[in-house]
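To keep things clear, I will list the structure first and then write my remarks on it.
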Amino acid sequence: MILNYKGAEVFYSVFGSGEPVVLIHGFLENSSMWDNLIPKLSKSNQIIVVDLLGHGNSHCIGYIHSMADFAEAIEEVLNNLQIPACQMVGHSLGGYVALSIAKRENIKVTGICLLNSTTKNDDVSRKLLRTRAVKNAKKFYESLVSMSINNLFYEKNRQKFENEIEAIKTEALKTPIQGYIAAQEGMMQRPDNTEFFKQSTFKKAIIAGINDSVIDFEELKQIANNTNAQFYALNGGHMSHVEALEDLEKVLSDFVIN
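Each residue of the sequence shown is one higher than the one before, counting from 1 in the UniProt record's numbering.
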């Protein structure tokens, strides 16, 4: 389905019935990343998936997409569906967006599961990496995206998931360069939400890949401990929905039902 938002199209889909759960994909992904999880989760809950601005079938609205911009587009979808309250699962960038939605309080968020995601903002070295990536995107977009996707997987899993990695690269390259840059700029500017997450009374969980090269496993464990969030360790890297699908399916199913 398509929603018109600020003159741009925002794509979303709805599956099943029950308590609503919004699944928010990550950077260079789109709502199809949830395809293998929707059949199970939609048996117990209404599942809403949205393509973030500048990703999938959703258009860009600027050259910087802040977390608030991403959040507002999803809020508009939920308002259109007459959903005032829901749980959220966010993968990587999707987790940052889920936290922004909860913080804005336009939608009542009853639970957040951060999947391969963090409450922290970018440190100096991460901002430098993003700045360099934005510069390179204008010249070497295809090779940059290809390398980025490879690095999301645990090195020892890359051969095993060779076909999946190629499919993910194909989807990632559908992201326009403007969408890539706008998201990178927005992530650089995002605030630290650790204290907000800690003080929040909604249901909380963090799922971490033991060999995640993007977000440090031990740091996520510490954040979960400090914020009273349930913590789940899964084998593999930053792409638990591929590298540990069966285990993730069980964890998410338990989270959204309980």
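From the three backbone atoms N, C-alpha and C, an ideal C-beta is built for every residue, glycine too.
Every value quoted in this text rests on a predicted model; they were computed, and no experiment measured them.
Cα atoms of Ala-172 and Asp-35: separation of roughly 15 Å, rounded to the nearest angstrom. The closest CA to that of Pro-20, considering only Ser-117, Ser-32, Val-77 and Ala-8, is found on Val-77. In this structure, Asn-116 sits away from Ile-2, with a CB-CB distance that is not shorter than 8 Å. Assignment of alpha helix (DSSP H) within the stretch 71 to 140, counting only whole runs of 4 or more residues, yields 93 to 104 in chain order. Restricting attention to His-238, Ile-165, Asn-225 and Phe-70, the CA atom closest to the CA of Phe-11 is found in Phe-70. By the Cβ criterion, the stretch 203 to 215 is in contact with the stretch 106 to 124, since at least three pairs of Cβ atoms, one from each stretch, lie closer than 8 Å. Straight through space, the alpha carbons of Phe-27 and Asn-163 are spaced by roughly 20 Å. A distance below 6 Å between beta-carbons, with the five flanking residues on each side excluded, links Ala-224 to the following residues of its chain, in chain order: Ile-206 and Phe-231. Counted as a single uninterrupted DSSP element, the stretch harbouring Tyr-180 is not any beta strand (DSSP E) but the alpha helix (DSSP H) occupying residues 177 to 189. If you check the CB distance, Met-187 and Arg-130 come in under 8 Å.
Pairing Ile-64 with Ala-137 gives a Cβ-Cβ distance that is not under 8 Å. Counting along the chain, Asn-45 sits inside the beta strand (DSSP E) bounded by residues 45 to 50.
Rounded to the nearest angstrom, the gap between the Cα atoms of Gly-62 and Ser-92 is 21 Å. In the same chain as His-241, and ignoring 5 residues on each side of it, the C-beta atoms closer than 8 Å to its own belong to Met-33, Trp-34, Asn-36, Leu-37, His-91, Leu-115 and Leu-248, in chain order. Taking the Cβ atoms as the reference, Gly-16 lies roughly 10 Å from Lys-40, outside the contact range of under 8 Å.
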